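Inspection log for the structure reproduced underneath, given as structure tokens.
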Amino acid sequence: MAQDTQGQAFRLPVFQGILPVDRSGLGRDVLAGFTLAALAIPGTMGYTKIIGTPVITGLYTILIPMSLFAIFGSSRHLSVGADSATAAVVAAGLAGMAARGSNEWLALCSLLALLAAVFMFAARVLRLGFLADFLSRTVLTGFLTGVGVQVALLEVSGLLGLQRTSNEPLTEIVHDLRLIGEANPYAVCVSLAVLAVILGGKRISDKIPGGLIAVVAAIGVSWAMDLGAHLETLGEVPSGLPMLALPHVEWSWVLIQKLLPIAFACFVVILAQSAATSRAYAAKYNDRFDENVDMVGLGMANLGAGLSGTFIVNGSPTNTAMVDSGGGRSQVSQLTASGIVLVVLLFLTGPLAHLPTAVLSAIVFLVAVKMIDVKGMRRIFVEARAEFWVALLTAATVVVIGVEQGIILAMVLSLLDHVRRGYRGTNAIIAADKRKKGWQTVPLGEPQHIAPGLLIYLFGHSLYYANAAQFAEEVLRLAKGKAQPPLAWLCVEAAAIGDVDFSAAAMLRDTCTLLKQQGIRLVLANVSPLVRDQFDRYGITEALGVDAIYGSVHAVVAAYERQSAGSAGSAGATTGETGGGPPA
């Protein structure tokens, strides 16, 4: 895999998901592409019901966007296309901005894809691939579960053949229950038949394209029995290829300002979900992938989506699993699926006119139910009770308030969880282990001198404003110990300190002064070159003394023992002020 080096930061490597070509597995990849097309075609048509665009736009997501990621992405496994999570974010965000299903609505969906591409490219330039790590698995599980509940509730009206009246899931399900007596029996029968075919096929084998079988059978039955006279069907579906053009909207800064929060929410979902999926399959097959290169691929895919008149695309865990179960091990599978969709668009759109919309509602309903990760939520509840409530709160926010607010809450909760875990560490004391004739770590509440008058304090984090008070409090508490002989040197084992900010530097200088007033010398061990430069800049080196920074704990112990031996019979207070260790 091509790596960024100085002077190559903006180079766009291509075909990383294909090269080198495994000739022995090429046939297997092509067959997996046929499997992907068979399962994804009805699925993507179903996603158009979530987002509210013409059914043909679902096929467009497989044509150009999937091919572009195959060319520009780095993952050999990630399948990019329509996704229920981002579709739900867009549908919720655009509510009220245009008539759902209108040309203006579709244009706004395409514009959002372009804005998501801009975010992707900007993130690549700034190398922000690491941001995917800041959405914890806990809140991501809660978020996707909430999206699944929301989408499933909204599809009940389609299963019953009722008209949807709201994009609010709780409002809509109450409306559906009130009018359940007016449900269309033809739509109910079609929905149940589709659910039976898909679930039955899955029980037999995951490789059976239950969705495709249901779609083909429903088209045949609808045509033969003229079901269009009794329930809603798709109607005429245009054939041919999409036109490449900018979305037809009245461009204005006001419009962009309204769309930016929605596009950013989609960007976060795409970044987190795609990176998590790529990472999982790269680990499974010991492949390498680059999150920053994948952002270029995802940006190109969304650029293609916006210009070809369709909606935002995302790394799809479902489609990726389809390819994997079919034996696909490279992006050749995705290119094959794109080729099959090309044939469908050119020659096979006519029969889609007879497809009952209840079929797509049933397919989407099953996809949504699969997103409700009951097993994952139960595991979080058992293993990390506090994190379960965070996940549940995220899911409830998505269902009750909205998807956009849910992803913002997910980000905030993830960052708060990171800060909660990281800023106050469980620090320790390094003490002598007489039984093993070595060293051991003991709790701060049981301070032990590693040598008479020498205490080693292990601080396990970078020093910054949030934990500076903890550092000072623990060091000064240790300095007040009643051990005999009295404490002369206090050493901070600083291997884990990777950075020191302005507030922490001021605290260090003050702590050094307070210890000197007590006759205790503060020294440090294992200071990295970067932190040593910061100490020099902040004046900490001068406050400590140039000979107070050592390369290891061993060097500190040796220096202390030499000084103790050389100053035998002298007052312990002098020891803290003179110091005799060699410079690091």
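With the working numbering as the guide, the letters of the sequence shown map in order to residues 124 to 707.
Think of the CB as a built atom: it goes at the ideal place given N, C-alpha and C, for glycine as much as any other residue.
Since this is a predicted model, take the numbers as computed values, not measurements.
Buried or exposed (CB count within 10 angstroms, at least 16 for buried), residue i
i, result
"Ile-342", "buried"
"Glu-684", "exposed"
"Gln-126", "With a pLDDT of only 41 at Gln-126, under 50, the local geometry of the prediction cannot be trusted, and no value is derived from it."
"Lys-603", "exposed"
"Leu-613", "buried"
"Trp-374", "exposed"
"Asn-409", "exposed"
"Asp-299", "buried"
"Trp-376", "exposed"
"Ser-431", "buried"
"Ala-696", "Any answer about Ala-696 is weak, because its pLDDT of 39 lies below 50 and its placement is not dependable; what the coordinates show is given next. By the 10 Å Cβ count, Ala-696 comes out exposed."
"Pro-165", "buried"
"Ile-174", "buried"
"Asp-152", "buried"
"Met-168", "buried"
"Leu-394", "buried"
"Phe-242", "buried"
Helix, strand or coil at residue i according to DSSP, with G and I counted as helix
i, result
"Gly-621", "coil"
"Arg-223", "coil"
"Thr-701", "Note on Thr-701: pLDDT 37, under 50, position unreliable in the model; the coordinate value appears next. Three-state result, Thr-701: helix."
"Pro-479", "strand"
"Asp-349", "coil"
"Ile-435", "coil"
"Thr-288", "coil"
"Ala-554", "strand"
"Val-360", "coil"
"Gly-561", "strand"
"Leu-162", "helix"
"Gly-148", "helix"
"Tyr-183", "helix"
"Ile-503", "helix"
"Leu-567", "coil"
"Gly-548", "coil"
"Leu-599", "helix"
"Ile-141", "coil"
"Ile-173", "helix"
"Ala-574", "strand"
"Leu-469", "helix"
"Leu-378", "helix"
"Ile-524", "coil"
"Ile-672", "strand"
"Leu-581", "strand"
"Leu-586", "strand"
Close beta carbons around residue i, own chain, < 6 Å, minus the five adjacent residues each side
i, result
"Asn-307", "Gly-284, Leu-354"
"Ser-439", "Ser-202, Gly-204, Asp-206"
"Phe-511", "Ile-503, Phe-504"
"Ala-246", "Met-418"
"Ala-275", "Phe-488, Ala-491, Val-492"
"Gly-420", "Phe-192, Phe-195, Gly-196"
Whole-angstrom C-beta distance between residue j and residue i, which should lie under 8 Å
i, j, result
"Asn-550", "Tyr-580", "7 Å"
"Leu-201", "Ser-401", "5 Å"
"Glu-616", "Ala-648", "5 Å"
"Ala-239", "Ala-399", "Contact flag wrong, Cβ pair sits at about 18 Å."
"Thr-268", "Ile-503", "In fact, because the Cβ distance is near 10 Å, the residues do not count as touching under 8 Å."
"Thr-158", "Lys-407", "Not a contact, Cβ separation roughly 18 Å."
"Ser-345", "His-477", "4 Å"
"Leu-162", "Gly-271", "Not really, about 18 Å apart at Cβ, beyond 8 Å."
"Ile-531", "Ala-388", "7 Å"
"Tyr-309", "Leu-364", "Wrong, their Cβ atoms sit about 34 Å apart, outside the cutoff."
Contacts around residue i, its chain only, beta-carbon distance under 8 Å, and the 5 residues preceding and following it disregarded
i, result
"Thr-636", "Ala-666"
"Ala-236", "Asn-425, Leu-426, Ala-428, Gly-429, Thr-433, Phe-434, Ile-435, Val-436"
"Asp-556", "Trp-562, Gln-563"
"Thr-443", "His-200, Leu-201, Ser-202, Thr-400, Tyr-404"
"Glu-305", "Leu-285"
"Val-339", "none"
Cβ-based neighbour list, residue i, same chain, cut-off 7 Å, excluding 5 preceding and 5 following
i, result
"Phe-594", "Phe-582, Leu-586, Met-630"
"Gly-140", "Ala-193, Gly-196, Ser-197, Ser-198, Arg-199, Ser-453, Gln-454"
"Phe-138", "Ile-194"
"Ile-336", "Val-320, Gly-324"
"Arg-547", "Asn-590, Gln-593"
"Val-565", "Ala-551, Ile-552, Ala-554, Gln-571"
"Arg-223", "Gly-175"
"Leu-465", "Leu-186"
Chain C within 9 Å of residue i, Cβ atoms only
i, result
"Pro-609", "In the displayed structure, chain C is absent; only one protein chain is listed."
Where in the segment 393-431 do unbroken runs of the alpha helix (DSSP H), each at least 4 residues long, occur, reported from the N-terminal end onward?
-> 414-430
Unbroken stretches of the alpha helix (DSSP H), 4 residues or longer, contained in the segment 607-666 | 625-640, 652-661
4-residue-minimum alpha helix (DSSP H) runs that sit fully inside the segment 249-336, ordered along the chain | 260-283, 292-301, 308-327
Can you give, in chain order, each stretch of the alpha helix (DSSP H) that sits fully within the segment 189-245 and has at least 4 residues?
-> 207-217
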